[in-house]
Every structure is written in structure tokens, then in C-alpha cells.
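Below is one structure; the comments refer to it alone.
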């Protein structure tokens, strides 16, 4: 909590945004973003994440609901009067202005003196590591440099919240990884709230304090990266974040910690993350990195299936196995911790055991039967 | 002849036939004298230019310039909001079509349409009399203002099209960005959009101002005695006075001053950029 008493930097309360009868971009969205957080909004394209960002920025007005920034209702404030700044997906740099003038743009609007402007712009140029590029024009810059200019321009006004709309989507994979680390560093240095919109789960996972997963205009889950990955709120979140194996079945036995579930693969045991009774239909999942593939008979008390290696993809640090069991592919990832010749003997078409510890599964959904 | 010259041959022939040769003829003719029956004759003389420099036509030249400049300014003022609306509209292509459709009707017929609209017995006067706003018809036509109105009407699409095409390419998220950084919408448009569509505005100004300088039919049909423009004077010298050398000298003056204005304008446009 700081001097104005608000805990949350940005709050959305039951915000609904309808573009026309057919397009509902946001349905009753509520969000609370804590001060200083690196908060991501993650979802497939068209899920309403950019609209959410534009509503916070003031470029769209909600049809219903309240938007608060630092505890103050801002529904009717235009973008130029909100203490937030935005980094646009295509950077939106002004092509007729140099790097220096692009960054100085908001300061000149405020009619600051030349020496103040120089000082602030120089600090920003230093922060985003653009020293020596000040006189260049946007068309002379690489994608990563444009990104840095856009970032500096959005930060120079000292906003309370920085909004980032898929800022890395037009960079190549290596540069994206590097810029992501840069973003994280800049976030630590300026200490303000970052709200980051992306469709890339790896990006969101690697830098966020919290992630909101959005789909079809609805927030499916808000949580820390491990919460979202390990205990997804529903099938959509489980499927969207990383790869996973789903199982559906009827509960046939309940103990204090485990459920026995009758699935199309036979009876499997899963950890009782939620209350369930005999006869309920349940859905649970097991992440591929927790699934083992061996030729030997698995240890005791493990869930196991028998199948045939359908596909294996060697990726250096790990190998992905796709095992065909009863016409369904079960995914497994093996992390290589030894020199490869000493390790793997499994190959295409091998008959194998696929097994996992029931403790590692997660019960997503229980439907009363 | 180098090999690649062959490819430029057609355009070379085209330019000589339809540009260089006619222009040379007018230049040569302007230094000759006229015969009583409208022919041209030697010896070469600078008399036609001396006659022009004596200044009798200065009033006409001045009028030609201000009518053209004012018309250009008005078309620009109208085109900016119209193009903005078109470029941001859902029905871009429909609006573009609507801008071009008037071209399908003959130019002269469109001028006559204005005579029917604004004439003493025209629609506007009839309405005003019917409504009892005026007793006697107002003379809208046959003055320089009528000429300006019809020039603006005629050349408006030539201004709209280049500005629209520049705006259509403009990345409107830059306006969002400018507003996000503290600018009002109006300031965002002036500080970010205008510099980006400068090329379109320049083209539009040239497309309107230059043909307006050479106006002939419009002042002839809707102008009065005191709205004669240079084009009318040239036509009169050719047809009625049958003084071709004098007429060609006038048209050369028009040509050179237009070229000079164009050159200066592009020079100024070029230098304030980077």
C-alpha cells in the first residue's frame, strides 16, 4: 500500500465490451492487478485480451462495469489523461521524428524546458540501451531497436502502469527471448506495474508474477505461473498452457487421498484434488514430463498403460515420445540428464510401458453422477 | 545506340511527338508576327512579349492566380475531413466510387448543371422565392465567386484522391499512440498525421492548382466580364483576334510561371523534411 491507499494498480469490475450484436469482446471481466506486478493476459487470438488492454488504456469505453487505476474510477477519462502508457504491437513510432524526438514527444507536449527534456531522454536512452542511436529515424532501426524506442517513449512520461500489446510478436525467436529478459530488467528498474498481453504461453510464464488466462471474452483463471500450469481451473487452461494428457471416467472407489477411476484404458488412480463420490464423472490430467516410458515393468502403485512408440522427437535437451495406447496418443517428455548413448534405448515401434505416479496427476473437473 | 536505349525508344517517340514538338512550335510561333488574316509570318520578333510586359494583362494574370489559389485552398479544406472520413469508414470502396462517379458525366454538362442550379431562374432562386426569403432572384452566376465555386466542385476529386490514398496507408495506431502520450485528438492529427500525409497533400495541391490556372470553360460559362482568366484571353486571341503569335506568347508565360511555381513549391516541400 502506498500514500494514496490503494493496493491495486488496475481494477476491472464486471467489465463488458460489445462491439456489435455479434462480437462480444469481454463478458463480465473482473481483474485486480497489484502495484508493481508484472501481470500477463494470455489467450488465443480474438479472446478479448487486446480489448482488455485498450479499455485500461482508454482507447475503448466499456459498455458496462468500472475501470479503476490507482483506486480512481477512470471510465470517462481519455487516454491522454490517464496515468498509463502503452507499447503498441507495431510500435507506432512516428516515422518523421528521430529516435530522440520520438522519445521527447510526450515531454514536448508537456512544454518542458529543453534541458529537462535532454536529461529525461538521455536517462531513457541509457535505460533501454540505445546510446548513439538518438539521431536515427525509425526506418533505419532494426525490429529490436524499434522495440526499445517504443518502450522508452512509453516510459519517459513516468506512467503508473505500462501496457504492452504483444510487443515481441514481430521479432525472431532468439531476439524475443533476449528482449523478454530486457523487459524483465527494465520492470525491475522502474518498479511500476506492467500489464503484458500475449498469446505465447512461454513468454507469459517466464516473466510474469501473475497470469490471467482469457478465452472467448472471459477470464478462465488468474494465478501465478506454477498455479496455472500445475492446477489449471479447467480443460481450456490445461490444454492452452503446455501439452497435456487428459483422462475422463467414472469414480469407482474413493479413499482418503485417491480416486479409482474407470476410464477407457481401464482403472486408473488419480490424486483427490477435489471432493468426489462414487459414480461421479471426473476429468484429470497428467503432464508429459511426469510420464515415464520404459521397457521394464513399472514400480509398484504406479498408473501404467501398455503401448507402442508412434513417434519420437529428439530435441537435444529432451525427447518427446508419442505412445499409441488404444488409438490414443499419450505424450511423454524425457529430460536428458546423461550423455545420450548411456541413456535412451527406446525406438520407433517398440512395445513399452507408459507410467506415472498418481500423486502427479491433477483432478480438473468433477461432475455429479 | 546502346542496347538498353531500345527500350526507352517508344517513350522517346511519344514525348517528342506529343510534347516536345508542340511545345517547340508554340515557342517558335510566339517569336513571330501575325498576318491580318490570322497566319504567322517572319521575321522573328520579341514584340509579343514586349506587349505582354506593358502590363495590360496584369489584372487578368493576378485574377487567374487568386482564383486558382483560393479554389485550391477551399478544395484542400474540404478534402481533409472528407478523406479522413473515407479512410476510416467501413464503406471505403463505396465512398471512393461516389467520388469518382461524377467523372462519368461530361465536364461541360456538369458546368451547365451548375447554371441550372444557380441561375436567375435556377433551382436555388426558385426555392428562395417560394419560401419568401427573397422577392427577386439573386444573381449568383457570372462573377468570380461562381467561377471559384465551380472550380472547387470540378477539381475536388483530384484533391480527395491523393489525400485519401495517403491517409489510407497511414497507420492510425499512431494517433492512438500520440493520444496515449498526452496529445489531444486534434494535436495528434496535426503533429503525427499531417507530416505523414504531406506527400498526398502536395500532390493534391498540384493536381488542383495547375489545371485551375489554365481554366477556360468554367470562367467562359459561369464567369462574367470581370472574371476573365488567362485561359479565356488566350482562347480569345486565337479565335476572335486571330493573333496566334500573341496567344502562344501568353501560353508560354503561363507555362513558365506554372513550372516555376511547381519547382519552388517542391523545393520548399523538400527542404523542410529531412
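Protein chains in written order, with my numbering: chain R, 1 to 369; chain D, 1001 to 1274.
We put the CB at the ideal spot given by N, CA and C, even for glycine.
Computed from a predicted structure; not experimentally measured.
Continuous alpha helix (DSSP H) stretch holding residue i: start and end
i	result
residue 145/R	143 to 155
residue 1167/D	1144 to 1169
residue 1068/D	1058 to 1088
residue 306/R	Element bounds for residue 306/R: not the alpha helix (DSSP H) but the beta strand (DSSP E), 303 to 314.
residue 55/R	49 to 57
residue 1225/D	Counting along the chain, residue 1225/D falls outside any alpha helix (DSSP H), and DSSP gives it neither H nor E.
residue 1092/D	1092 to 1100
residue 158/R	Note, residue 158/R: premise wrong, no alpha helix (DSSP H); not H, not E.
residue 177/R	173 to 190
Own chain residues within Cβ distance below 7 angstroms of residue i, not counting five before or after
i	result
residue 349/R	308, 309
residue 1256/D	none
residue 264/R	326
residue 359/R	271
residue 34/R	7, 8, 9
residue 1192/D	1174, 1175, 1178
Endpoints, the beta strand (DSSP E) within which residue i is located
i	result
residue 318/R	318 to 325
residue 356/R	351 to 356
residue 85/R	84 to 87
residue 25/R	23 to 34
residue 223/R	218 to 223
residue 66/R	64 to 69
residue 283/R	281 to 286
residue 212/R	210 to 215
residue 250/R	245 to 254
residue 1008/D	Premise fails: residue 1008/D lies in the alpha helix (DSSP H), 1005 to 1015, not in any beta strand (DSSP E).
residue 14/R	8 to 20
Distance between residue j and residue i (C-alpha atoms, nearest Å)
i	j	result
residue 1233/D	residue 1202/D	29 angstroms
residue 368/R	residue 254/R	14 angstroms
residue 126/R	residue 132/R	10 angstroms
residue 273/R	residue 37/R	29 angstroms
residue 24/R	residue 214/R	13 angstroms
residue 1194/D	residue 319/R	55 angstroms
residue 151/R	residue 1167/D	26 angstroms
residue 1093/D	residue 1173/D	21 angstroms
residue 1212/D	residue 112/R	45 angstroms
residue 218/R	residue 1158/D	48 angstroms
residue 1024/D	residue 1060/D	25 angstroms
residue 1116/D	residue 1122/D	5 angstroms
residue 370/R	residue 128/R	Limits of chain R in this structure are 1 at one end and 369 at the other, which puts residue 370/R out of reach.
residue 14/R	residue 26/R	9 angstroms
residue 1145/D	residue 1222/D	9 angstroms
residue 1230/D	residue 121/R	55 angstroms
residue 343/R	residue 298/R	17 angstroms
residue 77/R	residue 115/R	31 angstroms
residue 1118/D	residue 1150/D	11 angstroms
residue 262/R	residue 268/R	7 angstroms
residue 134/R	residue 149/R	9 angstroms
Within chain D, partners of residue i - CB distance below 8 angstroms
i	result
residue 86/R	1176, 1177, 1180
residue 90/R	1171, 1173
residue 49/R	Residues of chain D passing the Cβ test: none, with the nearest at roughly 16 angstroms.
Under 9 angstroms from the C-beta of residue i: neighbouring residues of chain D
i	result
residue 94/R	1174, 1177, 1178, 1191, 1192, 1195, 1196
residue 153/R	1177, 1181
residue 38/R	Residues of chain D passing the Cβ test: none, with the nearest at roughly 20 angstroms.
residue 136/R	By Cβ distance, chain D contributes nothing, its closest Cβ being about 11 angstroms from residue 136/R, past 9 angstroms.
residue 379/R	Nothing can be reported for residue 379/R: it is not among the residues displayed for chain R, which extend from 1 to 369.
Contact set between residue i and chain R, taken where Cβ atoms lie within less than 7 angstroms
i	result
residue 1184/D	80
Cutoff 6 angstroms; reference residue i; Cβ partners in own chain excluding five residues on either side
i	result
residue 11/R	32, 68
residue 240/R	none
residue 1016/D	none
residue 2/R	At residue 2/R, the pLDDT of 48 sits below 50, so the modelled position is not reliable and the matter cannot be decided from this model.
Beta-carbon neighbours of residue i, restricted to chain D and to distances below 7 angstroms
i	result
residue 106/R	1181, 1182
residue 143/R	Those do not exist, as residue 143/R stays about 16 angstroms from chain D at its closest Cβ, beyond 7 angstroms.
residue 57/R	1180
residue 110/R	1182
residue 157/R	1181, 1182
Own chain partners of residue i with C-beta closer than 8 angstroms, once the 5 adjacent residues on each side are dropped
i	result
residue 291/R	245, 330, 331, 332, 333, 354, 355, 356
residue 1020/D	none
residue 285/R	232, 238, 244, 245, 246, 247, 361, 362, 364
residue 146/R	91, 93, 138
### Message
Using 8 angstroms as the cut-off, can you tell me whether the segment 36 to 44 of chain R makes contact with the segment 200 to 214 of chain R, which would need three or more C-beta pairs spanning the two stretches below that distance?
### Response
Yes: at least three Cβ pairs fall under 8 angstroms.
Tell me, please, whether the segment 82 to 98 of chain R touches the segment 154 to 163 of chain R by the rule of three or more beta-carbon pairs shorter than 8 angstroms. yes
(Q) Tell me whether the segment 1073 to 1089 of chain D and the segment 1241 to 1261 of chain D touch, counting them as touching only if at least three CB pairs, one residue from each stretch, are closer than 8 angstroms. (A) no
contact_flag[the segment 1128 to 1144 of chain D, the segment 1046 to 1055 of chain D] where n(CB pairs < 8 angstroms) is 3 or more
Taking one beta carbon from each stretch, the segment 1128 to 1144 of chain D and the segment 1046 to 1055 of chain D have fewer than 3 pairs nearer than 8 angstroms; the two do not touch.
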